[in-house]
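Residue numbers 129 to 344, in the working numbering, belong to the letters of the sequence shown in order. Ideal placement from N, C-alpha and C gives every residue a C-beta, glycine not left out. The structure appears below as structure tokens.
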Amino acid sequence: MKNYELFEQIKAYFIDFDRTLADSIKIEKKALTATLKVLGVYREGMEFEHKNSFKEMINNINQKYGLNLDFDTVDKEFIKQALPLYQTECELKDGAYEFWLWARKNNKKIYVITLNERQFVKAVLDKYGLEADGIYTRRDTGIHKRDGALFLYAFMDAGYEPRECAVIEDYPYYIVAIKDSGCKIVGMYDSQSEDEINLLYDISDLFIKDFRELIF
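If you want it as structure tokens, here you go:
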């Protein structure tokens with residue numbers, strides 16, 4: 129009943145991809161390791177600290193290991209290494225498949241919002257036989273998720289008022305600024321966001337660990 133009251137007016141769900149819809153953190157690390165090996169700079173025991181942008185991760189690696197990696201070079205090779213992993217190894221988060229089918233049955237639209245590559249999103253959806261109503265990426269739009277900008281752009285582009293939209297995201301700093309826009313905020317638990325869990329919980333209309341918690 130609580131979920132029905134919260135979401136009965138929602139016409140579209142806008143879902144973050146990495147770590148929210150897709151359990152992709154292992155894919156990211158595996159592909160980055162392969163990339164650095166191809167570029168001849170990998171060292172045994174290298175550790176990659178997860179950041180909320182790929183550029184930040186590369187900058188961190190450069191600083192930590194005294195390297196001078198060119199972002200565009202790493203990015204190009206990373207895409208090459210990561211795509212087969214997204215196609216074959218990446219899994220959806222718990223309950224995501226069931227939620228997707230429920231949304232389709234109940235005439236709810238689903239859009240995927242990501243700072244990552246469109247082809248990665250397509251690869252995972254194709255693996256599960258799913259299709260989004262739209263995919264919005266930073267590369268395609270030139271808009272970052274910072275301050276919720278990409279979400280707000282997607283609402284408008286898809287033809288919805290914020291009050292008709294629900295955002296599902298694991299990283300609170302991308303959505304805290306749109307809390308007052310009228311959209312519903314669903315916080316998705318992810319172990320990589322442990323440090324931000326309290327804030328995510330506080331700003332969420334609903335905090336979940338499994339997509340099936342959204343089904344009503």
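Inter-residue spacing [alpha-carbon to alpha-carbon] between residue i and residue j
| i | j | result |
| --- | --- | --- |
| GLU284 | GLU172 | In the sequence as displayed, the identity of residue 284 is Met instead of Glu. Each residue's Cα considered, the two are about 47 Å apart. |
| GLU219 | ASP144 | 14 Å |
| ALA159 | VAL249 | 16 Å |
| VAL202 | LYS139 | 39 Å |
| GLU324 | TYR299 | 7 Å |
| ILE271 | LEU280 | 10 Å |
| LEU229 | LYS183 | 35 Å |
| ILE155 | PRO212 | 10 Å |
| GLN206 | TYR264 | Contrary to the premise, residue 206 reads as Phe rather than Gln in this sequence. Cα to Cα, PHE206 sits roughly 20 Å from TYR264. |
| TYR256 | ASP268 | 24 Å |
| VAL166 | LYS208 | 11 Å |
| ARG232 | LEU195 | 47 Å |
| ASN244 | ARG147 | 11 Å |
Selection from the options that minimises the alpha carbon distance to residue i
| i | options | result |
| --- | --- | --- |
| LYS342 | ASP222, ARG147, GLY194 | A small correction: the amino acid at residue 342 is Leu; Lys does not occupy that position in the sequence shown. Of the listed residues, the one whose Cα sits closest to LEU342 is ASP222. |
| GLU259 | ASP268, GLU322, GLN247 | GLN247 |
| ALA282 | ARG232, GLY262, ILE296, ASN235 | GLY262 |
| LYS312 | GLU297, GLU156, ASN235 | GLU297 |
| PHE339 | TYR317, GLU322, ASP333 | TYR317 |
| VAL91 | ILE186, ALA251, TYR225 | Any property of residue 91 remains undetermined from this structure, which presents the chain solely from 129 to 344. |
| GLN137 | THR242, LEU167, ALA294 | ALA294 |
| TYR193 | GLU175, ILE153, PHE199 | GLU175 |
Limits of the unbroken alpha helix (DSSP H) element including residue i
| i | result |
| --- | --- |
| ALA305 | Element bounds for ALA305: n/a, residue is neither H nor E. |
| TYR329 | 325 to 331 |
| GLU184 | 182 to 193 |
| TYR281 | 277 to 286 |
| TYR225 | 224 to 233 |
Residues near residue i in its chain [Cβ-Cβ closer than 6 Å; skip 5 each side]
| i | result |
| --- | --- |
| ALA305 | ASP275, GLY276 |
| GLY310 | PRO290, ARG291 |
| LYS357 | In the structure as shown, the chain begins at 129 and stops at 344. Residue 357 is therefore absent and cannot be evaluated. |
| LEU197 | ILE186, ASN190 |
Endpoints, beta strand (DSSP E) assigned at residue i
| i | result |
| --- | --- |
| ALA140 | 140 to 144 |
| LEU334 | 334 to 336 |
| GLU156 | Looking at the DSSP string, GLU156 is not in any beta strand (DSSP E); the run it does join, the alpha helix (DSSP H), is 153 to 166. |
Proximal residues to residue i (C-beta, below 7 Å), its chain only, five neighbours per side dropped
| i | result |
| --- | --- |
| SER332 | ILE313, VAL314, GLY315 |
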